[in-house]
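Trainee: I'd like to ask you about the structure that follows.
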Amino acid sequence: MRSIAFLTQKGGAGKTTLTASLAVAAAAAGEKVIALDLDSQGSLVRWSERRKAANAPNRVVIEPLESERLPQLPAILEGLASVGFTLAVFDTADADAWAVRLVIDSVDLCLLPARPTRLDVDAAGATFRAVFLAKRKAAFVLNQCPSTYRSLRANEAAEELTRLGVLAEPKLPARIDFPDAIAAGLGVTEYARDGKAAQEIEALWRWIEAQFSHT
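Going by numbering that gives the first Met the number 0, the residue at position 98 of the sequence shown is 97; the numbering climbs one at a time, nothing skipped.
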């Protein structure tokens, strides 16, 4: 089983939205997915409750994961693999450094979302240093970019993140389909199948699959 975690020390970067939509896109591509909510706010779990009401087409299991269980995370992942899950996706809290460190030590790929702002890039860099010290594979995800894809601000942020490490593709513009999908209990690929946001999340999933194939 492969495992991915969305990590950042700053709130508002879109971890939960990305976790939800990526989990759905991976399930549609044939993965058996479990999404684990480590955030005490429980946003991903609440999304799953709306998802049941919406009778969403793609099967994704969503479970809360209490921080006191994290020291057993390697055994938890083995157990999930033993019952047939092929992908685990983690939504993490912003400020729980101890929990985040345990997740970093256990997952295959750390994805660090950042908006194209000075504060987000600084926070992503700090998270990247923790991942680098743990010798784990990581990539930045430039998220909520201005709708003009070639905006100067997004390009400057991309250049800076690329100097620090690997930048996932594609850059993700701020599209209304993302919050609307979350409100409906859906992934963006279910909410607007032919929309640009859906195409971009599918492209991100293909990029992630390529990283796994290179290991």
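For each residue, glycine too, the CB sits at the ideal point set by N, CA and C.
For Glu62 and Ile103, which I take to be in contact (beta-carbon distance under 8 Å), what is that distance rounded to the nearest angstrom?
Mentor: The Cβ separation is near 20 Å, so there is no contact.
Trainee: Does DSSP put Val59 in a helix, a strand or coil?
Mentor: Strand, per DSSP.
Trainee: Skipping 5 residues on each side, what residues in its chain have a beta carbon closer than 6 Å to that of Arg49?
Mentor: Correct list, in chain order: Gly184.
Trainee: How would you write the range of the alpha helix (DSSP H) that Leu108 sits in, first residue to last?
Mentor: Where Leu108 is concerned, there is no enclosing alpha helix (DSSP H), although the beta strand (DSSP E) it sits in stretches over 108 to 113.
Trainee: Output needed for Asp193: all residues of its chain with C-beta closer than 6 Å, excluding positions within five of it in sequence on either side, in chain order.
Mentor: Excluding sequence neighbours, Asp193 sits near nothing in its chain.
Trainee: Can you tell me which of the three DSSP states Leu160 falls into?
Mentor: Note: Leu160 maps to helix in three-state DSSP.
Trainee: Any chance the region 38 to 54 sits against the region 134 to 144, with 3 or more Cβ pairs inside 8 Å?
Mentor: No, because fewer than three Cβ pairs between the region 38 to 54 and the region 134 to 144 fall closer than 8 Å, the two stretches do not touch.
Trainee: Ends of the beta strand (DSSP E) at Ala138?
Mentor: Start and end: 137 to 141.
Trainee: Going straight from the alpha carbon of Leu43 to that of Pro70, what length do you get?
Mentor: Answer to the nearest angstrom: the Cα atoms are 22 Å apart.
Trainee: DSSP three-state call for Ile175: helix, strand or coil?
Mentor: It is coil, neither helix nor strand.
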